[in-house]
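**Student:**
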Amino acid sequence: VVRIDFDGALKVLFGSGKVPIVKMLDRSERGVGFGPVRWSNVMTRALQIARVIRREKCEAVVACTSELFDLPSSYVASRMTKTKFYPYLFDYYSHMATGTRGERFANRMEPRMMKEAAGIIVPNEYLRDDLRERDLPAGLLINGVVPGTPAEQVKTLRDAFMETMKDPAFRADAKNLSP
45 VVRIDFDGAL KVLFGSGKVP IVKMLDRSER GVGFGPVRWS NVMTRALQIA
95 RVIRREKCEA VVACTSELFD LPSSYVASRM TKTKFYPYLF DYYSHMATGT
145 RGERFANRME PRMMKEAAGI IVPNEYLRDD LRERDLPAGL LINGVVPGTP
195 AEQVKTLRDA FMETMKDPAF RADAKNLSP
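In terms of this note's numbering, the sequence shown opens at residue 45 and continues consecutively.
1) Which value, in whole angstroms, describes the spacing of the CA atoms of residue 140 and residue 162?
2) Select from 82, 214, 96 the residue whose C-alpha is nearest the C-alpha of residue 146.
3) If contact is defined by three or more beta carbon pairs under 8 Å, each pair taking one atom from either stretch, is the stretch 118-128 in contact with the stretch 172-179?
4) I'd like the ranges of any alpha helix (DSSP H) spanning at least 4 consecutive residues and lying wholly in the stretch 120-187.
5) Is the stretch 130-138 touching the stretch 85-103, taking contact as three or more C-beta pairs under 8 Å?
6) Can you give the Cα-Cα distance for residue 204 and residue 211, rounded to whole angstroms?
7) Using the beta-carbon count (16 or more within 10 Å), is residue 281 buried or exposed?
8) If I follow the unbroken alpha helix (DSSP H) through residue 207, where does it start and stop?
9) Is residue 217 helix, strand or coil when you go by DSSP?
10) Considering only DSSP beta bridges, list what residue 104 is partnered with.
11) How is residue 84 classed by DSSP in three states: helix, strand or coil?
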């Protein structure tokens, strides 16, 4: 068990005032629920990311939706360091946790992170357009396409991706993979 001072991180989330030292929780401890473990993980990662931001003098944080704690940890670190935050969404963050114990957490964090983002990076037009309809600053970065790629090739890739997303067989297979 490690003891960590979460004062700065908790102030970002819960307002001003001193917050006592909080010990890092482990699921193996008897009676510890998922919520405290989740926040302990987020805060521990946020403090680590904030140290890197300060040391490297970063002007922005780009965080991907690759794992449940990565996005909120990076968001908290960006708030702690007053650094711009850019989520890079491969899908809606809240969809990552659908049907899991982290679903409520993701549903609560997603609107706040997206609203406070300096910009949101997405890999396809569908997600970009949906976020823009919600007045969120979404920009497109197509995976695998580097600057200078001929416009015709970019169009072919975009069209193929969008057709795949609409394909009933693909959608059925994807639905079967969902929890």
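Just so it is clear, CB atoms sit at the ideal spot from N, CA and C, and this is done for glycine as well.
**Tutor:** This is what the structure holds:
1) Position 96 of the sequence shown holds residue 140. Position 118 of the sequence shown holds residue 162. Going from the Cα of residue 140 to the Cα of residue 162 covers about 22 Å.
2) As a first step, residue 146 is located in the sequence shown; it is residue number 102 there, counting from the start. The option with the nearest alpha carbon to residue 146 is 82.
3) no
4) 147-159, 169-177
5) Too few Cβ pairs lie closer than 8 Å, so no.
6) Within the sequence shown, the letter at position 160 stands for residue 204. Within the sequence shown, the letter at position 167 stands for residue 211. Between residue 204 and residue 211, the C-alpha separation is close to 10 Å.
7) The structure shown has nothing for residue 281, since the chain only spans 45 to 223.
8) By one-based count along the sequence shown, residue 207 stands at place 163. Per DSSP, residue 207 belongs to the alpha helix (DSSP H) from 195-210.
9) Here residue 217 is taken as the residue at index 173 of the sequence shown, counted from 1. Here residue 217 sits in helix by DSSP.
10) Taking the sequence shown and counting its residues from 1, one reaches residue 104 at position 60. Answer by DSSP bridge pairing, in chain order: 128.
11) Within the sequence shown, residue 84 is the residue found at index 40, counting from 1. Reduced to three states, the DSSP call for residue 84 is helix.
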